[in-house]
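Going by UniProt numbering, the sequence shown opens with residue 1, and the numbers climb by one from there. What follows is a short report on a single structure.
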Amino acid sequence: MPLIDIGDCRLFVRAYGAGPPLLLIHGLGSSGDDWAFQLPAWSRQFQLIVPDLRGCGRSERPPGSYSIAGFAADLASLLDRLAIQHCAVVGFSMGGAVALELALQQPQRISRLVTINSLPSYRVDHWRKALEYHVQMALVRVLGMRRSAALIGKRLFPHPAQQAMRERVIEVIGGSLAEPYLRCARALADWCAADRLHQRQSPMLMLAGEFDYTGLEEKRRWAQQMAAQIRVVAGSRHGTPFDAIQATNRCIEAFLCDAELPDGLSIDAPHEVPREPPASPQEVLLSSVAAAPGEALVMP
1 MPLIDIGDCR
11 LFVRAYGAGP
21 PLLLIHGLGS
31 SGDDWAFQLP
41 AWSRQFQLIV
51 PDLRGCGRSE
61 RPPGSYSIAG
71 FAADLASLLD
81 RLAIQHCAVV
91 GFSMGGAVAL
101 ELALQQPQRI
111 SRLVTINSLP
121 SYRVDHWRKA
131 LEYHVQMALV
141 RVLGMRRSAA
151 LIGKRLFPHP
161 AQQAMRERVI
171 EVIGGSLAEP
181 YLRCARALAD
191 WCAADRLHQR
201 QSPMLMLAGE
211 FDYTGLEEKR
221 RWAQQMAAQI
231 RVVAGSRHGT
241 PFDAIQATNR
251 CIEAFLCDAE
261 LPDGLSIDAP
271 HEVPREPPAS
281 PQEVLLSSVA
291 AAPGEALVMP
């Protein structure tokens with residue numbers, strides 16, 4: 001799949017399936033590969049647009065600082081290039097912040113919004129947030145990406161049956177470059193949308209792991225303030241799309257299809273935990289990728 005020029009950067013983008021467009025935004029230190037366990041299920045009903053954010057995965061890494069607003073603007077430009085006027089969006093972790101920012105920047109464009117283990121503000125305004133942020137930054141600087149990834153993997157996936165998930169964290173995050181990772185982390189810590197939440201127009205779902213980094217009480221307060229639906233996945237930590245694949249897939253699919261949301265969501269049982277990602281569905285090729293910026297790229 002080619003890189004798509006959005007102006008000052010080229011983004012690596014893949015597309016799958018057919019139907020209403022659904023933009024999937026990955027988390028910190030990762031790439032569109034975050035959605036490996038969702039692609040087969042969701043591509044049956046939606047046309048999935050799966051980019052790597054600038055500085056992440058296989059996208060370009062232009063110099064300069066990053067921002068959540070800048071990531072969202074990049075994706076708005078990408079949608080312009082793909083001639084997508086309206087779409088739903090799902091964001092995981094940092095990708096949830098980018099998804100919400102996109103819905104605030106272009107409220108009429110986003111039909112439905114889902115965030116997974118994400119908040120509308122990551123400002124370091126509490127000692128726990130300060131500790132989380134500074135420890136994370138220090139670990140990367142002192143230990144490097146691979147050793148930091150090993151610690152992250154143990155924290156996200158502590159159960160014996162989740163060994164393959166831990167190994168995947170080491171492979172993905174451990175293979176990332178430290179400086180772009182730190183720039184993304186700084187962008188997240190600098191971002192707050194609390195005073196702009198009234199600009200959002202689309203229905204919203206917050207999917208939350210029971211044992212995520214941030215507590216459920218805070219998430220419930222934000223959900224009430226944003227008039228968002230919230231569902232909690234029992235036993236899940238921060239990596240809900242990985243440790244609760246079935247719950248993630250059916251809950252979000254129900255929301256996107258305007259169906260009743262399921263209750264009683266929980267992590268996958270030990271015997272259900274996959275050892276490796278499933279085979280990806282066949283990619284849909286983006287046409288006219290050599291077109292100049294400003295010309296629409298049309299999905300086949």
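Where is the CB? At the ideal position from N, CA and C, for every residue including glycine. Predicted, not measured: the structure shown is a model, and the values here were computed from it.
Continuous beta strand (DSSP E) stretch holding Gly91: start and end: Cys87 to Phe92
Supposed close pair Glu253, Trp42 - CB separation, criterion 8 Å: 7 Å
Cutoff 6 Å; reference Gln229; Cβ partners in own chain excluding five residues on either side: Leu205
Residue span of the alpha helix (DSSP H) that contains Asp74, given as start and end: Ile68 to Arg81
Beta carbon of Arg166 nearer than 8 Å to that of Ser65: no
Cβ pair Val135, Ala189 closer than 8 Å: no
Three-way DSSP call (helix, strand, coil) for Tyr122 in this model: coil
Rounded separation between Leu131 and Leu207 - CA only: 24 Å
Member of Gly174, Gly144 and Val142 whose CA lies at the smallest distance from the CA of Gly153: Gly174
Own chain partners of Pro262 with C-beta closer than 7 Å, once the 5 adjacent residues on each side are dropped: Shown here for Pro262: same chain residues with a beta carbon closer than 7 Å to its own, the five before and five after excluded, namely Arg250, Cys251 and Ala254 in chain order.
DSSP-derived helix/strand/coil call for Glu295: The predicted position of Glu295 is uncertain, since its pLDDT is 37 and thus under 50; a value taken from the coordinates is nonetheless stated next. If DSSP states are grouped into helix, strand and coil, Glu295 belongs with coil.
Simplified DSSP state of Asp5, which is helix, strand or coil: strand
Under the three-state DSSP convention, the category Ser43 falls into: DSSP, read as helix, strand or coil, puts Ser43 in coil.
Buried versus exposed call for Asp258 [16 or more other C-beta atoms within 10 Å across all chains shown]: exposed
Contiguous alpha helix (DSSP H) assignments of at least 4 residues, all confined to the region 136 to 180: 145 to 156 and 163 to 172
Sequence-distant residues of its chain with Cβ nearer than 6 Å to Gly95 (five each side left out): Leaving aside the five residues that flank Gly95 on each side, the residues in its chain whose CB is nearer than 6 Å to its CB run, in chain order, Ile25, His26 and Gly27.
As assigned by DSSP and simplified to three states, the class of Val98: Val98 falls in the helix class under three-state DSSP.
From Lys129, Glu101, Pro63 and Pro281, residue whose alpha carbon lies closest to that of Ala76: Glu101
Asp8 versus Gly264 - alpha carbon distance: 45 Å
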